[in-house]
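Visitor: In this note's numbering, the protein residues as written are 45 to 180.
Glycine included, every Cβ here is placed at the ideal spot set by N, Cα and C.
Values in this document were obtained by computation on a predicted structure and should not be read as measured data.
Here it is, the structure in full.
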């Protein structure tokens, strides 16, 4: 992946996640954001619930803000209960510890993130991981 995530690359990431979901028979939404958590592509897959784009967006934005998978943040919240609340007041989007948000890395730095929502958490993570791996 290049040092900057553009619309074409973001679209490819989203398409890869949706294709992985379809191959598993899942109905999900996918969000791809830039390094600041701003939307590049948000897609509600066919048959995905109406609320899943917002959840996918929160997962992606959290992964971008923190530079780590959203599922890693549950341990952080447990160890330091106030930290995510304090951070949430400093970013323009809600933070979440729900699995399915992964940072997109290039040259050792976070250039954006992908979030997947609508399936079992393990499946959300698998679809996001396939998309992130294809992007690198």
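So residue 101 is in the alpha helix (DSSP H); what residue range does that whole segment cover?
Guide: Looking at the DSSP string, the run of the alpha helix (DSSP H) that includes residue 101 is 96-110.
Visitor: Measuring CB to CB, does residue 81 end up less than 8 angstroms from residue 114?
Guide: In this structure, residue 114 does not lie closer than 8 angstroms to residue 81 by Cβ.
Visitor: Using the C-alpha atoms, what's the distance from residue 58 back to residue 101?
Guide: Answer to the nearest angstrom: the Cα atoms are 12 angstroms apart.
Visitor: How far does the alpha helix (DSSP H) with residue 165 in it reach, from first residue to last?
Guide: Run containing residue 165: 165-179, per the alpha helix (DSSP H) assignment.
Visitor: For the pair the segment 72-79 and the segment 141-160, tell me if three or more CB-CB distances fall below 8 angstroms.
Guide: Because the criterion of three Cβ pairs below 8 angstroms is met, the segment 72-79 and the segment 141-160 touch.
Visitor: Is residue 121 helix, strand or coil when you go by DSSP?
Guide: In this structure, residue 121 counts as helix in the three-state DSSP scheme.
Visitor: Grouping DSSP H, G and I as helix and E and B as strand, with all else coil, what is residue 48?
Guide: Of the three classes helix, strand and coil, the one that applies to residue 48 here is coil, per DSSP.
Visitor: For residue 86 and residue 178, I'd like the C-alpha separation in whole angstroms.
Guide: Going from the Cα of residue 86 to the Cα of residue 178 covers about 18 angstroms.
Visitor: Is DSSP giving residue 56 helix, strand or coil here?
Guide: Of the three classes helix, strand and coil, the one that applies to residue 56 here is helix, per DSSP.
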